[in-house]
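Numbering (this note's numbering), first residue to last: 22 to 402.
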Ligand SMILES: Cc1ncc(COP(=O)(O)O)c(C=O)c1O
């Protein structure tokens with residue numbers, strides 16, 4: 022099949038699924054039905070998936086063993102309830118909170134959906150661009166979303182966000198470190214913002230990538246919750262540093278009174294919506310800090326290589342603190358993500374008010390070398 026025809030078929034498959042050709046909303050090739058998946062390049066034939074900010078190094082060996090030890094019991098419901106309870110206890114101890122501060126969700130994306138629905142009686146204040154699930158769900162259910170541009174360094178504009186809060190604001194959503202830009206706020210500035218904003222509305226903090234940060238930036242806003250602030254809500258996930266994207270374990274951290282309210286508005290039964298296999302993997306992963314440390318180190322090395330190579334090749338990018346890099350596409354003509362996919366690289370691209378941007382996840386060093394080589398073949402005017 023000619024390259025053009027293959028590209029066209031791939032794009033038609035995405036269009037059929039309501040996915041824009043630029044892959045803005047593609048969550049990874051595994052989200053596609055099997056027959057459509059065959060239209061994507063065969064991973065074994067060299068597909069480099071740098072589209073969803075996953076950890077390319079895979080599960081902790083302890084997590085793999087925990088799953089295989091439990092697999093023969095997984096035909097029974099009865100294992101789920103004790104696993105949920107045990108996991109909550111272990112996670113609470115690990116974080117220094119009580120189990121009443123926690124609500125487990127199948128991935129933090131489900132937590133974001135829940136929060137969009139729960140705080141829907143007033144407007145939502147958030148950045149633009151930001152991670153899409155919460156604002157998109159809010160828009161879908163008719164919530165007014167006040168989108169405040171990032172500053173010219175692509176960092177959250179805290180004074181402007183604060184100013185956008187009005188008497189009708191039900192929630193502020195801040196993703197820190199920020200997706201898609203990979204920037205980070207100083208914890209002192211974020212803390213002051215949270216203290217001020219939470220007097221007037223709920224502040225939701227998405228800490229999906231916190232573990233990739235170095236001190237002093239790696240500070241969670243959890244101490245504010247532990248001080249009894251009922252208007253601070255935090256989301257975390259096992260999908261990123263713990264490499265468990267496909268296993269779907271996330272959680273919300275908030276004051277017990279807030280968690281109770283959220284639980285009432287939670288349509289699933291959290292004793293059964295979480296898989297015991299996923300929870301057993303998450304418990305094992307918590308006990309393997311070396312795996313997270315190694316993932317963080319390898320990510321930092323591959324990120325450094327990529328940033329150096331992008332700089333050398335003359336690309337403008339936003340220095341990243343995470344496992345992805347946001348880079349300017351200059352005057353690229355056409356659909357950058359679709360054109361990269363035709364060359365076996367999955368990444369994201371989007372059109373923003375200030376031009377076209379790409380976002381590439383940090384894969385292994387070998388994958389990033391392939392990415393850079395492929396970038397060198399693209400025509401930028
Ligand atoms: C900022 C942010 N929050 C939440 C999520 C959702 O992750 P998950 O549902 O796998 O926990 C992602 C996924 O990419 C993300 O980038």
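Where is the CB? At the ideal position from N, CA and C, for every residue including glycine.
Check: Using the DSSP secondary-structure output, state which residues sit across from residue 115 in a beta bridge.; Outcome: DSSP lists no partner for residue 115.
Check: Would you mind reading off the limits of the alpha helix (DSSP H) that contains residue 134?; Outcome: 129-139
Check: Per DSSP, residue 227 is paired with what?; Outcome: 196, 256
Check: Check each candidate in 228, 83, 105 and name the one with the smallest Cα separation from residue 296.; Outcome: 105
Check: Span of the beta strand (DSSP E) holding residue 305?; Outcome: Here residue 305 belongs to no beta strand (DSSP E); instead the alpha helix (DSSP H) covers 297-307.
Check: For residue 284, which residues in the same chain have their Cβ closer than 7 Å to its Cβ, ignoring the five residues on either side in sequence?; Outcome: 124
Check: So, with DSSP's three-state summary, where would you put residue 54?; Outcome: Low per-residue confidence applies at residue 54: pLDDT is 41, beneath 50, and the placement is therefore not dependable enough to give any value.
Check: Mind checking whether residue 353 and residue 401 have CB atoms under 8 Å apart?; Outcome: yes
Check: Over what stretch of residues does the beta strand (DSSP E) that includes residue 170 continue unbroken?; Outcome: 166-170
Check: Please work out which residues of its chain come closer than 7 Å, Cβ to Cβ, to residue 217, disregarding the five sequence neighbours upstream and downstream, and give them in chain order.; Outcome: 183
Check: Tell me the rounded alpha-carbon separation between residue 389 and residue 177.; Outcome: 28 Å
Check: Would you say residue 84 and residue 146 are within 8 Å of each other, going by their C-beta atoms?; Outcome: no
Check: Examine the Cβ distances between the region 129-139 and the region 167-181 and report whether three or more of them are shorter than 8 Å.; Outcome: no
Check: Evaluate residue 115 with the Cβ neighbour count: other Cβ atoms within 10 Å of its Cβ, from every protein chain shown; 16 or more gives buried, anything less gives exposed.; Outcome: exposed
Check: So residue 241 and residue 231 are supposed to be a Cβ contact under 8 Å. How far apart are they, rounded?; Outcome: 6 Å
Check: If we call anything under 8 Å between Cβ atoms a contact, is residue 382 one with residue 345?; Outcome: yes
Check: Tell me, which residues are paired with residue 221 by DSSP?; Outcome: In DSSP, residue 221 forms no bridge with anything.
Check: Determine which residues share a DSSP beta bridge with residue 377 and list them.; Outcome: 372
Check: Hey, residue 317 and residue 262: beta-carbon distance below 8 Å or not?; Outcome: yes
Check: Quick check: residue 294 and residue 103, are their CB atoms within less than 8 Å of each other?; Outcome: no
Check: Can you give me the Cβ contacts of residue 407 inside the same chain, cut-off strictly under 7 Å, excluding the 5 residues immediately before and after it?; Outcome: Here the chain covers residues 22 to 402 and nothing more, so residue 407 does not appear.
Check: Note the first and the last residue of the continuous beta strand (DSSP E) segment covering residue 347.; Outcome: 345-349
Check: Are the CB atoms of residue 367 and residue 164 nearer to each other than 8 Å?; Outcome: no
Check: What's the call for residue 162, buried or exposed, on a 16-neighbour Cβ count within 10 Å?; Outcome: exposed
Check: Give the single residue among 350, 98, 142 whose Cα lies nearest to the Cα of residue 334.; Outcome: 350
Check: What do you get for residue 52, buried or exposed, if any count of 16 or more other CB atoms within 10 angstroms of its CB means buried?; Outcome: Low confidence applies here, because residue 52 scores a pLDDT of 38, under 50, leaving its location unreliable; read the following figure in that light. It is exposed - the Cβ of residue 52 has fewer than 16 other Cβ atoms within 10 Å.
Check: Roughly how many whole angstroms lie between the Cα atoms of residue 91 and residue 81?; Outcome: 16 Å
Check: Per DSSP, which one or two residues make a beta bridge with residue 21?; Outcome: This structure leaves residue 21 out entirely; the chain is present only between 22 and 402.
Check: For residue 332, count neighbouring Cβ atoms within 10 angstroms of its own Cβ and tell me buried if that reaches 16, exposed if not.; Outcome: exposed
Check: Spatial neighbours of residue 62 within its chain, please: CB distance less than 7 Å, with the 5 preceding and 5 following residues excluded, ordered by chain position.; Outcome: With a pLDDT of only 49 at residue 62, under 50, the local geometry of the prediction cannot be trusted, and the value read off the model is given with reservation. Here the set comprises 68, 365.
Check: For the beta strand (DSSP E) containing residue 144, name the first residue and the last one.; Outcome: 144-149
Check: My output table needs one value for residue 205: the three-state DSSP class, helix, strand or coil.; Outcome: coil
Check: Going by DSSP, what residues sit across from residue 338 in a beta bridge?; Outcome: 348
Check: Please determine, among 221, 108, 244, 175, the residue with the shortest C-alpha to C-alpha distance to residue 338.; Outcome: 175
Check: Is the beta carbon of residue 271 within less than 7 Å of some heavy atom of ligand 1?; Outcome: yes
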